[in-house]
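Peer 1: Got a structure here, written out as structure tokens. Questions coming.
Number of protein chains: 2
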Amino acid sequence: MTPKEAAKANLENLYRIFTIPEAPDSTLGAIDQAITRDVAGFLQAHIVALERSLEDIEKDFADPEIPEEPAYVSDYTEFIKEKLVAHSVHTAAPGFVGHMTSALPYFMLPLSRIMTALNQNLVKVETSKAFTPMERQVLAMLHRLVYARDDDFYRRWMHDSTHALGAFCSGGTIANITALWTARNILCAPSGDFRGIAREGYLRALEHLGCRGLAVLVSRRGHYSLGKAVDLIGLGRDNLVRVETDDNNRMDPAALCSELARLRDEGIRPLAIVGIAGTTETGNVDPLDELADIAVEQGCHFHVDAAWGGPTLFSERHRHLLRGIERADSVTLDAHKQLYVPMGAGMVLFRDPAALRAIEHHAAYILRQGSKDLGSHTLEGSRPGKAMLVHAGLSIMGRKGYELLIDLGIERARLFAGKVRRHPDFELMTEPELNILTYRYVPAWAQAAMARADAETCRQANAVLDRITRLIQKEQREAGKTFVSRTTLQSARYERQSLTVFRVVLANPLTTEEIIDAILQEQCRIAGREEIRQLLAYLAQILGADPSPRP
Amino acid sequence: MTPKEAAKANLENLYRIFTIPEAPDSTLGAIDQAITRDVAGFLQAHIVALERSLEDIEKDFADPEIPEEPAYVSDYTEFIKEKLVAHSVHTAAPGFVGHMTSALPYFMLPLSRIMTALNQNLVKVETSKAFTPMERQVLAMLHRLVYARDDDFYRRWMHDSTHALGAFCSGGTIANITALWTARNILCAPSGDFRGIAREGYLRALEHLGCRGLAVLVSRRGHYSLGKAVDLIGLGRDNLVRVETDDNNRMDPAALCSELARLRDEGIRPLAIVGIAGTTETGNVDPLDELADIAVEQGCHFHVDAAWGGPTLFSERHRHLLRGIERADSVTLDAHKQLYVPMGAGMVLFRDPAALRAIEHHAAYILRQGSKDLGSHTLEGSRPGKAMLVHAGLSIMGRKGYELLIDLGIERARLFAGKVRRHPDFELMTEPELNILTYRYVPAWAQAAMARADAETCRQANAVLDRITRLIQKEQREAGKTFVSRTTLQSARYERQSLTVFRVVLANPLTTEEIIDAILQEQCRIAGREEIRQLLAYLAQILGADPSPRP
Chain B
848 MTPKEAAKAN LENLYRIFTI PEAPDSTLGA IDQAITRDVA GFLQAHIVAL
898 ERSLEDIEKD FADPEIPEEP AYVSDYTEFI KEKLVAHSVH TAAPGFVGHM
948 TSALPYFMLP LSRIMTALNQ NLVKVETSKA FTPMERQVLA MLHRLVYARD
998 DDFYRRWMHD STHALGAFCS GGTIANITAL WTARNILCAP SGDFRGIARE
1048 GYLRALEHLG CRGLAVLVSR RGHYSLGKAV DLIGLGRDNL VRVETDDNNR
1098 MDPAALCSEL ARLRDEGIRP LAIVGIAGTT ETGNVDPLDE LADIAVEQGC
1148 HFHVDAAWGG PTLFSERHRH LLRGIERADS VTLDAHKQLY VPMGAGMVLF
1198 RDPAALRAIE HHAAYILRQG SKDLGSHTLE GSRPGKAMLV HAGLSIMGRK
1248 GYELLIDLGI ERARLFAGKV RRHPDFELMT EPELNILTYR YVPAWAQAAM
1298 ARADAETCRQ ANAVLDRITR LIQKEQREAG KTFVSRTTLQ SARYERQSLT
1348 VFRVVLANPL TTEEIIDAIL QEQCRIAGRE EIRQLLAYLA QILGADPSPR
1398 P
Chain Y
848 MTPKEAAKAN LENLYRIFTI PEAPDSTLGA IDQAITRDVA GFLQAHIVAL
898 ERSLEDIEKD FADPEIPEEP AYVSDYTEFI KEKLVAHSVH TAAPGFVGHM
948 TSALPYFMLP LSRIMTALNQ NLVKVETSKA FTPMERQVLA MLHRLVYARD
998 DDFYRRWMHD STHALGAFCS GGTIANITAL WTARNILCAP SGDFRGIARE
1048 GYLRALEHLG CRGLAVLVSR RGHYSLGKAV DLIGLGRDNL VRVETDDNNR
1098 MDPAALCSEL ARLRDEGIRP LAIVGIAGTT ETGNVDPLDE LADIAVEQGC
1148 HFHVDAAWGG PTLFSERHRH LLRGIERADS VTLDAHKQLY VPMGAGMVLF
1198 RDPAALRAIE HHAAYILRQG SKDLGSHTLE GSRPGKAMLV HAGLSIMGRK
1248 GYELLIDLGI ERARLFAGKV RRHPDFELMT EPELNILTYR YVPAWAQAAM
1298 ARADAETCRQ ANAVLDRITR LIQKEQREAG KTFVSRTTLQ SARYERQSLT
1348 VFRVVLANPL TTEEIIDAIL QEQCRIAGRE EIRQLLAYLA QILGADPSPR
1398 P
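Protein sequences, first through last, are from chains B and Y.
Residues 848 to 1398 in our numbering are what the first sequence lists, from first letter to last.
Residues 848 to 1398 in our numbering are what the second sequence lists, from first letter to last.
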């Protein structure tokens, strides 16, 4: 080939690769069709159940070199089928109740394809058009779910270019950061000579406010994203005050007040109180109404992290658990959690449609003053049209559909807790308030012995039980049939000792009672293995107990 | 139905909606298949060309109420087909050269479906497994493209749990923020009594450093995300110093040095110098090597925002334009731009694999010390597995495939610029260094008159030309056949007066010479319309020129 012919051939290849769809009978086309026909079956068939160690998997992804030459799509498809898909996690499996990812309503998949094919960029109207009003509508719908303002309110603000009822984003972390950034900029707004923190920075803002620092207060169960947020916005992690909780993992208002008094003495001003509606580890809800009262009294921002629990508002029966959320200045919701859309969708809502002006920004080529470009009020820039999937969920399932999911999750969590409570060899560590519970494996004889044992003996026993919990969780995960996660909690029952526990999230509607039974049975089976039996013998020694089986 | 029967029916419905795929002959199934068969054809057929005003579209997205009852998927599909898809923007159209979104390689769509079906969460290994090493490999591949370290380097660090070659994220804005956050925390690292800015906050950090503030320096053409970043991390927008550019929109190193001297006098320390590899509006590249020298001299962080231009490194012929990028401490790349993956994928790379430790964080239930969870080094929390699509692009197209795209874009931009230059009624405002150029419509007689006119007359004439540019751009966009964007630039030719210009991005390989001709022809046609003819008459009056057609 002459160089000119080669160039022409290259161009033709390029044209093909950008226009010609995969034939349905090709390798990639066949997978595509298989997913279209039956996604659950596809995942079941292609995700290999047996654990391969991460170190071993890494060998398939070890070459730092970008291949020089193009490859056949079919060869690449074989590669990802064997090396990537096979060794992914079956997040939709009903027996995988350890994380916050569920099976998805089937329509999410074809709608995601439409979204990807349209490839809109929501930062500006120029590249999103109808997606812009749609996203604003989604924000309004969820704003209304939380704040229940009247129709006039939404008619007035929903599509107003200089206001925003919230900001869509990639997830709850960005939502929490956006909330605290906005709160910071509102507290440190321009006033007199001071042109505001957004212009002059944090040092001048503190000089203007006449204080040594700003603090964010949240319970000990606050999400780790809040630590990132206070680091990022300049407050420092020392100024994320972790308030003590009551025995139900809810923030203790008295402890909050004493922390606030301490801060005042130190010349630190409270920027925000963060209430949690559904703690990540235990699914508890802070006393939001009381926190709102305290925030009003302190004149500080009240943010509610409802990334997990927010959709509880869909349920007539359970929405009272979140009473007070409507008094929050801002609320975080994660759509990829209990709104059942694919990964990568969150939002923050603001009671005041003018709040987000505190972080407003413009540019010469987009986001011009007066434009309806969503990007002028978001932390992120270019963003996909994920709001479409939330719009679809709300429209197709309706409030009642989501209510059913919420009610079902809470019911199943109670069912699970009941089974744990009645089982002689498990100890329920936290009751499910929403649809999350924690527990651990403690044989009946050990429970009986610990009830009589002194604190020091319990402490030693708990250290062994922690090892047992970790081992069971790891082996169960590696067996690949069912999955619970683990975390550490301070238990009131054991003088606030930090304990390792199983954590279970019941949000997948396909998790039946039979599956719950299978999870517990598998844990008991694993507990019978040699390594754990040795630990149990050691535990018996510590407790001076007799581990022989009951008659 | 009894309540019990109703509950059973509800459960069955729920089960169906989470398991049963859409029949291929249903409304949604049919769209899905149409996209599978021919995405370009689908977009062409379903996106309505004619502009409907945004205010009018808003009427379809005006109800703030979440529907109470579930809806049929088919009805909803009809709704989005008519109301959302029809009024989206055809971002893949080869005549839409006004934004940075291109057509996508066809394999991106079925691969995106696999990604969505797997619904992995990259924050932790527990919910991503093979996706974790894959993302680390992608970061290594692009790190190598930029920094070209040897194999030993990548073998050592690529999969090391306590190090990271970069962070994947939703886009360039988060990447830039991550870079500056990291730089800030490295500059204000723990030392002696000072426990670091991440713990103690910005005020204590400044006291420790003994300065009044920190500044970020970037050229006037810097992306607006940098303004957000300095606001967010507490520096304040006043401390984003906009350095003057030369006539080619590149940062002027002499101007940078004088700004640095000014800052020193004011007690403000430079945190970072930001070089741009591909300015958003004009596609120019700062003198990166010189900026690197100055950053070394100043002991400050050197970040390169290569969100747009980074992939130029794929091209043997053009990569020299980015010389010096390998000296950057951190580099931003956007995968949804010139890596041709769907919206929502960016990354930041760090030369030093230990840099991201400055923002490291942990939690009790995930991201534990020593785990390989990617979330311990990212600004975001839960994230989808978009790295898979970058992996696919690099693997299937290879370096040579991307090289072809880069070379083609630059070649087409030069072709476009040549046509503008040779056309009597257009004025080229910025030459394409990469694949972006700006120009405007100025009839030959006006160009001739302005060459002779005084500065004040030119100023008045430019004000009229700005209105003409805006009108043409708006009418062209509304006609819906082709699209260029517009921005404002300071032109050296007109004493740095701020001018409105057309902005063209040539990154879609399907944009042929015929389409380029059609874009220019359409602009000339629009210029013949009454409203613009009146403005041209007024322009002639200002310039004392004769607008009658040339013979």
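The beta-carbon is built from N, C-alpha and C at its ideal position, and this holds for glycine as well.
1. Let me confirm a value: residue 1345 (chain B) is counted as buried when at least 16 other C-beta atoms fall within 10 Å, else exposed. Which label applies?
2. Output needed in chain order: residues of the stretch 956-973 of chain Y with a Cβ under 7 angstroms from some Cβ in chain B.
3. Taking 6 angstroms as the limit between beta carbons, can you name the residues of its chain near residue 1154 (chain B), skipping five residues before and five after?
4. Using the beta-carbon of each residue, which ones in chain B are nearer than 8 angstroms to residue 981 (chain Y)?
5. Check the Cβ of residue 1078 (chain B) against every Cβ in chain Y and list those closer than 9 angstroms, keeping chain order.
6. Checking the sheet assignment: what are the DSSP bridge partners for residue 1286 (chain Y)?
7. Against chain B, which members of the stretch 1326-1344 of chain Y pass a CB distance test of less than 9 angstroms?
8. For residue 1041 (chain Y), which residues from the same chain have a beta carbon less than 6 angstroms from its beta carbon, with the 5 sequence-adjacent residues on both sides left out?
9. How about residue 855 (chain Y): is its C-beta nearer than 8 angstroms to some C-beta of chain B?
10. Among residues of its own chain, excluding the 5 on either side of residue 1398 (chain B), which ones have a beta-carbon nearer than 6 angstroms to its beta-carbon?
11. Have a look at the DSSP bridge pairing and note the partners of residue 1178 (chain Y).
12. In chain order, what residues of the stretch 859-883 of chain B put their CB closer than 9 angstroms to some CB of chain Y?
13. Compare the Cα-Cα distances from residue 1426 (chain B) to each of B:939, B:1161, B:880 and B:925 and report the closest residue.
14. Provide the residue(s) that pair with residue 1016 (chain Y) in DSSP beta bridges, ordered along the chain.
15. Could you run through the stretch 1238-1259 of chain Y and flag, in chain order, every residue whose CB is less than 9 angstroms away from some CB of chain B?
16. Leaving out five residues on either side along the sequence, give the residues of the same chain with a beta carbon under 7 angstroms from the beta carbon of residue 988 (chain Y).
17. Since residue 1058 (chain Y) and residue 1115 (chain Y) should fall inside the 8 angstroms C-beta cutoff, what is the C-beta to C-beta distance between them, to a whole number of angstroms?
18. Assuming residue 1006 (chain B) contacts residue 1207 (chain Y) (C-beta within less than 8 angstroms), just tell me the rounded distance between them.
19. Comparing the C-beta of residue 1320 (chain B) with each C-beta of chain Y, is any distance below 8 angstroms?
20. Quick one: list the residues of chain B neighbouring residue 1295 (chain Y), beta-carbon separation under 9 angstroms, in chain order.
21. Determine which residues share a DSSP beta bridge with residue 1116 (chain Y) and list them.
22. Closer than 7 angstroms between beta carbons: that is the criterion. Which residues of the stretch 1186-1201 of chain Y meet it against chain B?
23. Please report the straight-line C-alpha distance between residue 1013 (chain Y) and residue 1028 (chain Y), rounded to a whole angstrom.
24. With a threshold of 8 angstroms between beta carbons, is residue 1306 (chain Y) in contact with chain B?
25. Would you report the Cα separation of residue 1389 (chain Y) and residue 1307 (chain Y), rounded to the nearest angstrom?
26. In this structure, does DSSP put residue 1259 (chain Y) in helix, strand or coil?
27. In chain Y, which residues lie with their C-beta within 8 angstroms of the C-beta of residue 1235 (chain B)?
28. Just to confirm the assignment, what range does the beta strand (DSSP E) spanning residue 1166 (chain B) have?
29. Might you give, ordered along the chain, the residues of its own chain that have their beta carbon closer than 8 angstroms to the beta carbon of residue 1024 (chain B), omitting 5 neighbours on each side?
30. Between the stretch 1353-1367 of chain B and chain Y, which residues of the former have a C-beta closer than 7 angstroms to a C-beta of the latter?
31. Identify, in the order they occur along the chain, each residue of the same chain with its Cβ nearer than 7 angstroms to the Cβ of residue 1093 (chain B), setting aside the five sequence neighbours on each side.
32. Go ahead and pull the three-state DSSP assignment for residue 1388 (chain B).
33. Determine the extent of the beta strand (DSSP E) in which residue 1090 (chain Y) is found, giving its start and end residues.
34. Does the beta-carbon distance from residue 1437 (chain Y) to residue 1348 (chain Y) come in below 8 angstroms?
35. Taking the DSSP output, what are the residues bridged to residue 943 (chain B)?
36. Taking a cut of 7 angstroms between CB atoms, which residues from the stretch 1006-1019 of chain Y lie near chain B?
Peer 2: Result, derived from the coordinates:
1. Reading the first sequence from its first residue, position 498 is the one you call residue 1345 (chain B). The residue is exposed, with fewer than 16 neighbouring Cβ atoms inside 10 Å.
2. 956, 957, 959, 960, 961, 963, 964, 965, 966, 967, 968, 972 and 973
3. Along the first sequence, one-based indexing puts residue 1154 (chain B) at 307. Cβ within range, chain order: 1019, 1179 and 1181.
4. The residue labelled residue 981 (chain Y) in the question sits at position 134 within the second sequence. The answer, in chain order, is 908 and 931.
5. The residue you call residue 1078 (chain B) lines up with position 231 of the first sequence. Those are 1028, 1032, 1044, 1045, 1046, 1048, 1206 and 1208, listed as they occur along chain Y.
6. In the second sequence, residue 1286 (chain Y) corresponds to position 439, counting from 1. DSSP lists Y:1275 and Y:1349 as partners of residue 1286 (chain Y).
7. 1330, 1332, 1333, 1334, 1335 and 1336
8. Along the second sequence, one-based indexing puts residue 1041 (chain Y) at 194. 1055.
9. Translated into positions along the second sequence, residue 855 (chain Y) becomes position 8. Answer no: the Cβ-Cβ gap between residue 855 (chain Y) and chain B never drops below 8 angstroms.
10. In the first sequence, counting from the first residue as 1, residue 1398 (chain B) sits at position 551. Unreliable placement is indicated for residue 1398 (chain B), whose pLDDT of 41 sits below 50; the coordinate value is still reported in the next sentence. Once the five neighbours on either side are set aside, residue 1398 (chain B) has no close Cβ partner at all.
11. By 1-based counting over the second sequence, the position of residue 1178 (chain Y) is 331. Y:1151 and Y:1196, per the DSSP bridge assignment.
12. 860, 861, 862, 863, 864, 865, 866, 867, 868, 869, 871, 875, 876, 878, 879, 880, 882 and 883
13. The question about residue 1426 (chain B) has no answer, for chain B in this structure spans 848 to 1398.
14. Taking the second sequence and counting its residues from 1, the one referred to as residue 1016 (chain Y) is at position 169. Y:1193, per the DSSP bridge assignment.
15. 1238, 1239, 1241, 1242, 1243, 1244, 1245, 1246, 1247, 1248, 1249, 1251, 1252 and 1255
16. For the purposes of this step, residue 988 (chain Y) is identified with residue 141 of the second sequence, where counting begins at 1. Closer than 7 angstroms at the Cβ level, and outside the excluded window around residue 988 (chain Y), lie 1241.
17. The residue you call residue 1058 (chain Y) lines up with position 211 of the second sequence. The residue you call residue 1115 (chain Y) lines up with position 268 of the second sequence. Right, the Cβ-Cβ distance comes to about 6 angstroms (below 8 angstroms), so this counts as a contact.
18. Within the first sequence, numbered from 1, the residue matching residue 1006 (chain B) stands at position 159. Within the second sequence, numbered from 1, the residue matching residue 1207 (chain Y) stands at position 360. Rounded, the Cβ-Cβ distance is 42 angstroms, inconsistent with contact.
19. Looking up residue 1320 (chain B) in the first sequence gives position 473. No, its Cβ sits nowhere closer than 8 angstroms to a Cβ of chain Y.
20. As a working mapping, residue 1295 (chain Y) is identified with position 448 in the second sequence. Here the premise fails: no neighbours, minimum Cβ distance about 29 angstroms.
21. For this step, residue 1116 (chain Y) is matched to residue 269 along the second sequence. Beta-bridge pairing links residue 1116 (chain Y) to Y:1061.
22. 1189, 1190 and 1191
23. As a position in the second sequence, residue 1013 (chain Y) is number 166, starting the count at 1. As a position in the second sequence, residue 1028 (chain Y) is number 181, starting the count at 1. One C-alpha to the other measures close to 13 angstroms.
24. In the second sequence, residue 1306 (chain Y) corresponds to position 459, counting from 1. So, not an interface residue.
25. Along the second sequence, read from residue 1 onward, the residue named residue 1389 (chain Y) stands at position 542. Along the second sequence, read from residue 1 onward, the residue named residue 1307 (chain Y) stands at position 460. Looking at the two C-alpha atoms, the distance is approximately 7 angstroms.
26. Taking the first residue of the second sequence as position 1, residue 1259 (chain Y) is located at position 412. In this structure, residue 1259 (chain Y) counts as helix in the three-state DSSP scheme.
27. The residue you call residue 1235 (chain B) lines up with position 388 of the first sequence. Those within 8 angstroms of residue 1235 (chain B) in chain Y are 927 and 931.
28. Here the question's residue 1166 (chain B) lines up with position 319 in the first sequence. It is not in any beta strand (DSSP E) - residue 1166 (chain B) carries neither H nor E in the DSSP assignment.
29. Residue numbering aside, residue 1024 (chain B) sits at position 177 when the first sequence is read from its first letter. The residues are 1072, 1075, 1076, 1079, 1080 and 1226.
30. 1356 and 1357
31. Position 246 of the first sequence, counted from the start, is the residue given in the question as residue 1093 (chain B). If we look at residue 1093 (chain B) and ignore the five residues flanking it on each side, its Cβ neighbours are 1099.
32. If you number the first sequence from 1, residue 1388 (chain B) lands on position 541. In the structure shown, residue 1388 (chain B) sits in a helix (DSSP, three-state: H, G or I).
33. For this step, residue 1090 (chain Y) is matched to residue 243 along the second sequence. Run containing residue 1090 (chain Y): 1087-1090, per the beta strand (DSSP E) assignment.
34. Nothing in the structure corresponds to residue 1437 (chain Y), since chain Y is present only between 848 and 1398.
35. Stepping through the first sequence from its first residue, residue 943 (chain B) is reached at position 96. For residue 943 (chain B), which the question treats as bridged, DSSP gives the partners B:1330.
36. 1006, 1017, 1018 and 1019
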